[in-house]
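The structure under discussion appears below in the form of structure tokens.
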Amino acid sequence: MFMEHLHSRTAEADENERLSMDDYEQIAFDAFMVSLGDWIFKVPPYAESSREDDEYLDYARSQISEEAVITAIQMKRFVPEFLAAAADEVLAGQPRIVGFSTVFQQNVASLVLAKILKARDPSLTIVFGGGNCDGPMGAALHECFPWIDVVVRGEGERVFPEVVLDTLAGRAVRPHPGLCYRVDGQSVVVPQVNKPQVPMDEVPTPTYEEFFERLERSPLRAELWPEVAILFESSRGCWWGAKSHCTFCGENGSLMPFRRKPAARVVDEILGFAAQYKILDFVAVDEIIDLGHIRDLLPQVSAAGCDLEIFYETKANLKKDQLRTFYSSGVHAIQPGIESLSTPILRLMRKGVTALQNIRLLKWCAEIGINPEWNLLYGFPGEPPEEYSR
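End of the sequence shown sits at 825 in my numbering; the numbers just go up one at a time, nothing left out.
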């Protein structure tokens with residue numbers, strides 16, 4: 436929505452004032468380490484401009500390009516009118532409950548829109564969830580921002596429907612594991628259960644009708660359509676992290692225990708999505724592919740003969756035959772968690788692989804035709820500097 440708004444307001448502007456998809460992606464993907472997307476939405480009624488803005492932008496310039504900072508300043512000018520339009524659209528549906536799922540660079544945008552909505556309709560129940568609400572983060576959000584009525588921490592498939600039923604029935608929200616709610620305006624935090632609450636075969640299949648309807652109406656449809664991929668889920672948690680948690684990783688939060696969705700159901704979902712939405716590009720949201728799925732899921736996908744393009748995250752110590760199975764099944768892009776080409780530093784990270792295994796995987800990917808998305812992480816306490824001078 437925000438990019439559509441930027442497009443409508445700047446499409447006819449001079450070239451140096453025009454904001455494009457490239458600009459939007461620069462903030463989303465290149466500037467996320469300094470949370471520039473959050474700063475863009477730091478506007479009233481969430482917060483006024485202050486001297487801290489200059490200090491923050493100086494810091495941002497030390498980490499990312501000046502071009503990205505200038506783009507962010509340009510975008511920020513259009514945020515107040517976008518928020519007003521977004522609030523109008525939400526309230527036009529006369530909702531009783533408004534939910535926000537917040538992950539990377541989405542906290543401040545969610546908080547300011549929620550505050551606007553609550554001010555315009557105090558009867559609304561505002562619910563927050565998503566990765567930014569796991570564990571102490573969710574409790575802190577609930578305590579610090581009184582316009583948030585409820586925070587769902589952890590899996591929401593069972594808890595959120597109970598919140599909805601209580602709200603629609605006019606009842607006070609009842610306590611559930613991980614829930615944050617209010618009693619007489621005060622935050623009540625129910626302890627989070629650090630184990631899975633929902634069997635994978637009970638996780639509902641998502642629907643994307645509204646997404647594609649909105650895409651059809653979008654003025655950016657021609658630019659967006661070639662990049663569209665459908666998200667699917669075949670497992671939760673991390674089987675490696677349950678054994679040896681990588682020192683830098685916080686993605687699984689309280690839900691590290693690994694569990695997989697039955698292969699037959701995943702295949703049905705993928706093929707069903709492809710038939711319904713006429714899309715062949717898929718992205719697994721799994722933290723790591725289940726090794727059993729390489730044996731029983733991917734061959735079924737291959738046998739369907741649909742010419743799919745699939746992305747998966749995986750561990751780097753794969754066998755060459757497993758990579759061949761990836762390729763024949765349409766898994767032509769992977770994120771193998773390379774992180775370093777130094778065995779001592781990999782040990783510090785508790786990655787469970789060696790530099791040789793990482794290099795071997797990259798070599799095999801080049802031979803087979805798989806695109807490995809990888810990066811280097813540096814700055815770990817105790818890492819030997821000489822490892823970077825080899």
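Ideal Cβ positions, reconstructed from N, Cα and C, are used throughout, including at glycine.
Exposure label - residue i; buried when at least 16 CB within 10 Å
i      : result
ILE794 : exposed
GLU590 : buried
ALA549 : buried
THR560 : buried
GLN529 : exposed
THR642 : exposed
LEU796 : buried
ARG588 : buried
LYS553 : buried
ASN542 : buried
TYR747 : buried
LYS696 : buried
LYS798 : exposed
VAL720 : exposed
SER775 : buried
TRP660 : exposed
ALA507 : buried
ASP742 : exposed
GLY707 : exposed
ASP457 : exposed
GLY613 : buried
Euclidean distance between Cα positions of residue i and residue j
i      : j      : result
ASP465 : LEU454 : 16 Å
PRO631 : GLU704 : 22 Å
GLY740 : ASP716 : 14 Å
PRO819 : ALA677 : 27 Å
VAL514 : VAL478 : 8 Å
THR602 : VAL608 : 7 Å
GLN839 : ALA751 : Outside the shown range of the chain (436 to 825) lies residue 839, about which nothing can therefore be said.
GLY566 : LEU690 : 11 Å
ASP488 : GLN540 : 17 Å
TYR494 : LEU471 : 11 Å
GLU808 : GLN770 : 5 Å
GLU452 : ARG444 : 10 Å
ILE723 : ARG694 : 11 Å
LYS384 : TRP474 : Any answer about residue 384 is impossible in this case: the structure gives the chain only from 436 up to 825.
LEU655 : GLU439 : 7 Å
PRO816 : TYR823 : 14 Å
HIS680 : SER763 : 31 Å
CYS684 : VAL469 : 18 Å
VAL504 : ALA544 : 18 Å
GLY534 : HIS611 : 17 Å
LEU546 : ARG617 : 17 Å
GLU637 : SER485 : 48 Å
ALA521 : PRO480 : 15 Å
TYR459 : GLU645 : 22 Å
ALA519 : PHE476 : 13 Å
ALA482 : ILE532 : 24 Å
GLN639 : PHE563 : Note that residue 639 corresponds to Pro in the displayed sequence, not to Gln. If I take the Cα positions, the gap works out to 20 Å.
LYS754 : ILE665 : 27 Å
LEU650 : GLU658 : 11 Å
VAL718 : ASN629 : 27 Å
ASP556 : GLU524 : 13 Å
LEU526 : MET436 : 16 Å
SER653 : ALA738 : 35 Å
Residue i, enclosing alpha helix (DSSP H) - first and last residue
i      : result
GLU578 : 571-579
LEU791 : 790-803
GLN529 : Where GLN529 is concerned, there is no enclosing alpha helix (DSSP H), given that its DSSP letter is neither H nor E.
ILE729 : 726-731
THR602 : 594-603
PHE437 : 437-445
PRO779 : 778-784
GLU501 : 501-511
VAL543 : 542-555
ASP473 : 471-475
LEU753 : Unbroken run through LEU753: none, as it is neither H nor E.
Where the beta strand (DSSP E) containing residue i begins and where it ends
i      : result
ALA498 : It is worth fixing the name first, because residue 498 is Gln in this sequence and not Ala. Per DSSP, GLN498 belongs to no beta strand (DSSP E); it is in the alpha helix (DSSP H), 486-498.
VAL538 : Taken as a continuous stretch (DSSP letters only), VAL538 belongs to no beta strand (DSSP E), as it is neither H nor E.
GLN461 : Here GLN461 belongs to no beta strand (DSSP E), and DSSP marks it neither H nor E.
ASP716 : 716-719
ALA768 : 766-770
THR749 : Neither: THR749 is in no beta strand (DSSP E) and is coded neither H nor E.
ILE705 : Note, ILE705: premise wrong, no beta strand (DSSP E); alpha helix (DSSP H) at 698-712.
ILE561 : 560-564
VAL587 : 585-587
Unbroken stretches of the alpha helix (DSSP H), 4 residues or longer, contained in the stretch 651-685:
656-659 and 674-678
Cβ pair count under 8 Å reaching 3, the stretch 723-734 against the stretch 650-670:
yes
Can you list, in chain order, the stretches of the alpha helix (DSSP H) that have 4 or more residues and sit fully within the stretch 609-657?
644-652
Please determine if the stretch 799-808 and the stretch 776-787 are in contact, where contact requires at least 3 C-beta pairs separated by less than 8 Å.
no
Are the stretch 577-584 and the stretch 618-628 in contact at 8 Å, needing three or more beta carbon pairs?
yes
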